[in-house]
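Number -4 in our numbering belongs to position 2 of the sequence shown; there are no gaps in the numbering.
Have a look at the structure below, then the notes.
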Amino acid sequence: MFIRSRTRGLLLLLLSLASALAQSPKAPVADFQDVAEKAGLKFEIVSGDKESKKYIIETTGTGVAIFDYDNDGWPDIFIVNGTTLAQTPNGSGPTNHLFHNNHDGTFTDVTEKAGLRSSGWGQGVCAGDYDNDGFDDLYVTYYGKNRLYHNQGNGTFKELAEAAGVAGTGKEWGTGCSFVDYDRDGLLDIVVANYVDFDLATTPAPGQGTSCMWKGVPVMCGPRGLKSAPNVLYHNLGRGKFEDVSKKAGIDKTSGHYAFSISTIDFDNDGWPDIYIACDSTPSILYRNNHDGTFTDVAVVAGAAFNEDGREQAGMGSTVADFDGDGQLDIFKTNFSDDSSTLYRNNGDGTFTDATYSSGLGLHTQYLGWGTMFMDFDNDGWPDLLLVNGHVYPEVDKYKLGSDYQEPRILYRNSGKGTFEDVSNAAGPAILRKASGRGLATGDLWNNGKISAVITNMGEAPSLLVNQMSYPSHWIGIKTIGTKSNRDGIGARVTAKANGRVFVDEVRSGSSYSSSSDLRVHFGLGTATKMDSLEVRWPSGLVEGFEAKVDAINAIKEGTGKAVIASKAAGVAK
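See below:
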């Protein structure tokens, strides 16, 4: 899980220490409290042995999805669970959990009632309505066969992965996933990132291989030294059936990568969804959509495969937003410890520039980053960054290796000038709390314009971070409803204008680390009290303008807006 340049690593450490010394107590900018227990999120997330990790499968943790499974307008929470080595053979063990939003700040565990009790080495999750029946379904990745839970529309789910053709062989270890309509036929397809071709019977024990030592200490092996697994693309054929088109689509041409997280992004703004995959210990992948059912990995030529030194990193999570307000979607990626996270600024010409240090994000190299999301916590109109950290080696505590197994979260506030400031010390106790975190999903859980976060923690209960501070800023939420496009409008590009600013984002399933956030697009608007315009470019190609209310969640239905001439629509090729 690590590749290092010693000189760069020392420089990064010195910069991080200098930054830490320069920090002083700030006036509070947020008040994030962990209300998980009070809200009813009471269960332990299991991922192998707590005290030691013999195999890499015990270290990667699980993801979380925020989605509205019963269409009552209030986002619910689904959390993936793992198991232990002892519980693997007979299929017994902890279960995933579905929590129903009670609209009052609390949640009820409805796992059994919903038919979602299931055990195994769960990993990632993504949400989307693959059959366009109006109810969001779940795809859950595993070490072993993946699972597709079809939403029956009555509060229950039915597992249909084998029947649908998306279970996989059981040999691959699935991590991140995303529902995406890559061919724009109105049906959601599924892309799956696979980590390693893992076998407990043949994997060396700690210290028994070249990739089984870290800073002189015997640790679990991998991913180096283990066989990688190919990524998979399933094409939705309709009628509940999918076809593996990985080879036909060219997905299989990129090999030898340890893939972790997926973020879909139309990085070249041509109206066709592309796919970014953060990879551990290997170059990241950027699949460009060729408009003909095929993809080409352009990460190297686009400048999104390596950092600015031309080095591959140990990528974990990723998130997408227009951080600098130039109308182009940028990518942020978390990495292993002794390295910085990476911010790729979109140049608008099909390429990216590593803006990590110029933006002030080259800090905290001692932390090992996982889930991450852009989220405008104060609704000032500039997307901020939340990072979840946690080491993979419990041994770091015993041998004093310069890192802690449990690490704090990080909150960066966007200055609006292309830079970020670490405000973690002034953002409330839930940000500073230490845990070995992994998955992260964000959303407007109570429809009040305030973005909350759900975090999965290794060996303990999940966290629910709620910001108790109020702001005078305004906001807008957009729920897209496709008609010719897929029902969720996944892949739709939303462009809002207010107070001379342009706000851009896309409806996205799956991102962060093995997680899936609220499908509704959220923009903080700062002082703006009205919209100048709201435009949606649907996956079908239709571009429409809509009237929308500020400080409210607006349901936008395809075909009901004012059509915009394609040649005049932002980002639509003539």
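Ideal placement from N, C-alpha and C gives every residue a C-beta, glycine not left out.
If you're wondering where the values come from, they're calculated on a predicted model, not measured in any experiment.
- The region 475 to 494 makes contact with the region 513 to 531, as at least three CB pairs between them are under 8 Å.
- Beta-bridge partners of Leu110 (DSSP): none assigned.
- The alpha carbon of Val160 has as its nearest neighbour, out of Ser467, Val386, Ala447, Phe173, the alpha carbon of Phe173.
- Per DSSP, Tyr361 is not a residue of any alpha helix (DSSP H), being assigned neither H nor E.
- With a minimum length of 4 residues, the unbroken runs of alpha helix (DSSP H) contained wholly in the region 67 to 143 fall at 105 to 108.
- The region 474 to 482 makes no contact with the region 435 to 449: fewer than 3 CB pairs, one atom from each, lie closer than 8 Å.
- Counted as a single uninterrupted DSSP element, the beta strand (DSSP E) harbouring Leu528 occupies residues 527 to 531.
- Beta-bridge partners assigned by DSSP to Asn461: Phe26.
- In the three-state DSSP reduction, Asn145 falls in the strand class (E or B).
- Comparing alpha-carbon positions, the option among Gly319, Asp318, Val314, Asp320 lying closest to Lys327 turns out to be Val314.
- Straight across, the Cα-Cα distance linking Leu181 with Ala121 is about 14 Å.
- DSSP lists Ala435, Leu458 as the bridge partner or partners of Val448.
- Arg178 and Gly203 have their alpha carbons spaced roughly 46 Å apart.
- The beta carbon of Val496 sits closer than 6 Å to those of Gly321, all from its chain and outside the five residues before and after it, given in chain order.
- Residue Asp316 holds the alpha-carbon nearest to the alpha-carbon of Val515 among Gly168, Tyr399, Asn383, Asp316.
- Residue environment: Glu529 is assigned as buried (16 or more neighbouring CB atoms within 10 Å of its CB, all protein chains considered).
- Residue Ser506 holds the alpha-carbon nearest to the alpha-carbon of Thr366 among Ser506, Ala296, Val40.
- Here DSSP, grouped into helix, strand and coil, assigns Val294 to helix.
- 7 Å or more divides the Cβ of Met310 from the Cβ of Ser41.
- Each of Ala447, Gly553, Lys556 was checked against the Cα of Val29, and the nearest Cα belongs to Ala447.
- A straight-line Cα-Cα distance of about 13 Å links Leu513 and Thr258.
- In this structure, the CA atom of Ala199 is about 14 Å from the CA atom of Leu79.
- In this structure the region 146 to 166 does not touch the region 542 to 549; the number of beta carbon pairs closer than 8 Å is below three.
- Residue pairing from DSSP places Phe151 in a beta bridge opposite Asn145.
- Spatial neighbours of Gly396 in its own chain (CB-CB distance under 7 Å, excluding positions within 5 residues in sequence) are listed in chain order as Gln360.
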